[in-house]
Structure formats: structure tokens, C-alpha cells
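J.:
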Ligand SMILES: NC(=O)c1ccc[n+]([C@@H]2O[C@H](COP(=O)([O-])OP(=O)(O)OC[C@H]3O[C@@H](n4cnc5c(N)ncnc54)[C@H](O)[C@@H]3O)[C@@H](O)[C@H]2O)c1
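Residue numbers (full-length UniProt numbering): 1 to 345.
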């Protein structure tokens, strides 16, 4: 079988921690042949560590040598680099969020369609075993029509103190665009992409802009901090469903927790941990799942899906038009907060 030639653009935390190890675990079908990073020294070191033959000074130099690229740069560069790769005939797996604005996402989607190349976004929560179970339960009609979704993606005092996460120019936002986006994507996917009609959002930064913070994920500069650390939203959909959404990097709460629950007409479910709530035989019935050990990690499952899709042997799980909708919603939440009004979509 021909191996897919993969290039990595941006070789920081997520490239080293998730994408490179995943591709190295799939050596029979993919080979990392090139790397690029604006930090040339980091690119050279990565190439040496993983025996990657080509280090490119400019990301465009990479395109003739690869079939696909994985883009792991700060969010500001996702659109520009993805579009250049797609125009050069290269498939793209881009880190989340797809891009900072919906307009950028639309241009990425157009480039993928025009050049008949694949574009996927690294929303890996979909590949968690709990999310896979929830999707199957909904498709099996175990909860009936979904009515009310509640999402909480909450961390207690964990502003990422490294990298550029607190820089609005490079990332476009904070806790919502970095962490909340995963749960928004997961919720929309589970609900089968209902059309949002109205969004109310509020963003907060007061805690992180106060000097002398206790922060479990390293020090950060409260003076240059210019993104959100806590976001709430209420979203209504055309089909009558609604979503209560909250995410935070730095809440004053007892402990971190990530939860997504859906209450439907016939039953309900929780994704983390997976539980199914039904009423049957005149009684309330709860089901739990024993998640089997040894399943591929979400990162590996994501890499397999992308590579197999590029090789024509699978279909993308995360489609660009879905990721665009996540960015549209986030944009509406930010807009609602800025204008103190609800946003109609
Ligand atoms: N899927 C997830 O759960 C997850 C987790 C963390 C980060 N991310 C995403 O991954 C991306 C990178 O995050 P990270 O944690 O690896 O950050 P990082 O700061 O550790 O690494 C970013 C790398 O990109 C390089 N870079 C910066 N600008 C560049 C450019 N214009 N061209 C090429 N290289 C450039 C930097 O030198 C650095 O090596 C972000 O979009 C972030 O949202 C996703």
C-alpha cells in the first residue's frame, strides 16, 4: 500500500504530544516526511528526534513533497496556511478551532471544495468512547427527539500559562475558543447539526485580570491577558431545542468538570461519564457503560480517520462545514457579549 506523505506545520505542544506520536503509531500507512516551524531550531530538533528528512524554512516549500499536512500553529494562521496547502493540492488536518472568524472558515471550505482536497479539523472529543456511545444511543432513538442540552466545560484556576493562549491577536479568544469549542462541536454533532436561531452570550475576564492569581497551570501576565476566562451562553435552535452552555479556564468552583447532558422526549443521556436515563416497564431505568481498556486513544482514532480518508478508505468524521458552524456560534457568543444583546442567526 502507498504510504501517505505527511508534513507537520508548527511543532509545539499539540504536534509533539498528539499528532506526531499518533502518525508514528501508524507507520504502515503514513510517513512524516517534512516539518516546518517559525522557530527553526525547534523544527530542526523535531526532525532529528523523529528522523524526519526535510525541514522547510517556508511552509510553502513543503507542499510539493507531501500529500497532506497537519497544521498546529496558533489560531491566527490556520486559515492562511490551510488555504495555501489546499490550493497546492494538499489535504489538510487543521487544529481546532477551524479559524478565528467564520469568514476565514468559509474561505477554507471554498478552497477545499475548489481544489477537491480534504479538510478536517481536530475536534477529537468526538472520538472519545463516551461520545461514540452517546452518538450510537441517539441514532438508535434511545432518547427520542433531543430537547434540552446542558454543557459545562469547567476548570478551576487553570489558565494556560504557556504559549500564546492568553493573546487575543494570535488566538482570537480564550476559554471559549480554546476549550469550549470542543464541547460545542460535540454537542452540535450529537444533536445532528440543528440550526441555531438566537444566541445570548456573556464573557468574563475579571478574575484573570486581577493581579496575584493562584493558577495551577503556571504563571501568566494579568496585564497582557486580553481574552475570556469564563463564558456563558444560551442558544436556541430552529427545531425548538435549546442549549445552556458554560465554559471556563478559571472558575471559582469546587473542582474541574466536563459534562454534556441531553434530555430528550423519551429519555436522556450524559456523555461524561456515559449514562442513559430512560423510563421503561413502569420504572425509571439508568444504564451505565463499562468503557473497555485498550481502545485507540481519541488522538490515534482521529489520525486514522484522516489518513484513511486521504487514502480513499474512509469518510471524514469531522467535516469542515460542521467546524464552520462551531466558529459561527462562537462568533455569535462573542458578538452578543460585546453588544449586550442577543444575536439572531
Ligand atoms: N485539540 C486540542 O485539544 C488542542 C490542544 C492544544 C492546542 N490545540 C491547538 O493547536 C494549536 C497549537 O497549539 P499548541 O498548544 O501546540 O501551541 P504551542 O505554542 O505549543 O505550539 C505552536 C507552534 O507553532 C509555531 N508557530 C507559530 N506561528 C507559526 C507560523 N506562522 N507558522 C509556523 N509555525 C508557527 C510556534 O513556534 C510553536 O512551535 C492551536 O490552534 C491550539 O488551539 C489543540
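Every residue gets a Cβ at the ideal spot worked out from N, C-alpha and C, and that includes glycine.
Quick caveat: nothing in here was measured; it's all calculated off a predicted structure.
(1) Hey, out of 5, 251, 122, 204, whose CA is closest to residue 336's CA?
(2) Which residues mark the beginning and the end of the beta strand (DSSP E) in which residue 123 is found?
(3) So, is residue 187 buried or exposed, given that buried needs 16 or more other C-beta atoms within 10 angstroms?
(4) With three or more C-beta pairs closer than 8 Å as the rule, is the region 135-151 touching the region 263-272?
(5) Could you tell me which uninterrupted beta strand (DSSP E) segments, each at least 3 residues in length, are contained entirely in the UniProt domain "GFO/IDH/MocA-like oxidoreductase" (132-269), listed from first to last along the chain?
(6) Determine the direct distance from the alpha carbon of residue 95 to that of residue 46, and round the result to whole angstroms.
(7) Name the DSSP bridge partner or partners of residue 32?
(8) Would you kindly work out how many angstroms separate the C-alpha atoms of residue 333 and residue 233, rounded to a whole number?
(9) Among residues of its own chain, excluding the 5 on either side of residue 108, which ones have a beta-carbon nearer than 7 Å to its beta-carbon?
(10) With 16 other CB atoms within 10 Å as the buried threshold, where does residue 160 fall?
(11) Under DSSP, the beta strand (DSSP E) around residue 287 begins and ends at which residues?
(12) Can we count residue 202 as close to ligand 1, meaning its CB is less than 7 Å from some heavy atom?
(13) So residue 194 and residue 137 are in contact, right, with Cβ under 8 Å, and what is the actual spacing, rounded?
(14) Report the rounded CA-to-CA distance for residue 301 versus residue 127, giving the unit in angstroms.
(15) Contact check, residue 152 vs residue 28 under 8 Å by CB: the rounded distance?
(16) Return the chain-ordered list of same chain residues with a C-beta closer than 7 Å to the C-beta of residue 73, the five sequence neighbours on each side being excluded.
(17) Considering only C-alpha positions, which residue in the set 62, 324, 15, 158 is nearest to residue 189?
(18) If you draw a straight line from the alpha carbon of residue 59 to that of residue 37, how long is it in whole angstroms?
(19) Compute the distance between the beta-carbons of residue 149 and residue 191, then report whether it is under 8 Å.
(20) Name the residue from 24, 3, 181 whose alpha carbon lies nearest to the alpha carbon of residue 322.
(21) Spatial neighbours of residue 123 within its chain, please: CB distance less than 7 Å, with the 5 preceding and 5 following residues excluded, ordered by chain position.
(22) Ligand 1 heavy atoms versus the CB of residue 75: any closer than 7 Å?
(23) Indicate, with yes or no, if ligand 1 has a heavy atom lying under 7 Å from the CB of residue 19.
(24) I need the DSSP call for residue 71, collapsed to helix, strand or coil.
(25) Tell me whether residue 163 counts as near ligand 1, meaning its Cβ is closer than 7 Å to at least one heavy atom of that ligand.
(26) Taking only runs of the beta strand (DSSP E) that begin and end inside the region 45-121, which ones reach a length of at least 3 residues, in chain order?
(27) Check whether the Cβ of residue 312 sits closer than 7 Å to any heavy atom of ligand 2, and report yes or no.
(28) Identify the continuous beta strand (DSSP E) that holds residue 334 and give its terminal residues.
T.: Reading off the structure:
(1) 204
(2) First-last for residue 123: undefined, no H or E at that position.
(3) buried
(4) yes
(5) 146-154, 196-204, 230-237, 242-248, 257-264
(6) 19 Å
(7) Answer is 6, bridged to residue 32.
(8) 7 Å
(9) 79, 82, 83, 98, 99, 119, 320
(10) buried
(11) 283-288
(12) no
(13) At roughly 17 Å, the Cβ-Cβ gap does not stay under 8 Å, so residue 194 and residue 137 are not in contact.
(14) Our two residues, residue 301 and residue 127, have alpha carbons roughly 6 Å apart in a direct line.
(15) So it is not a contact: roughly 40 Å between Cβ atoms.
(16) 9, 10, 81.
(17) 324
(18) Looking at the backbone, the Cα of residue 59 and that of residue 37 are separated by about 8 Å.
(19) Yes, they are a contact pair.
(20) 181
(21) 96, 182, 185, 318, 323
(22) yes
(23) no
(24) strand
(25) True, at least one ligand heavy atom lies under 7 Å from that Cβ.
(26) 68-71, 91-94, 119-121
(27) Inclusion of ligand 2 in the displayed structure is not the case, the ligand content consisting of ligand 1 alone.
(28) No beta strand (DSSP E) holds residue 334; the alpha helix (DSSP H) holding it covers 320-339.
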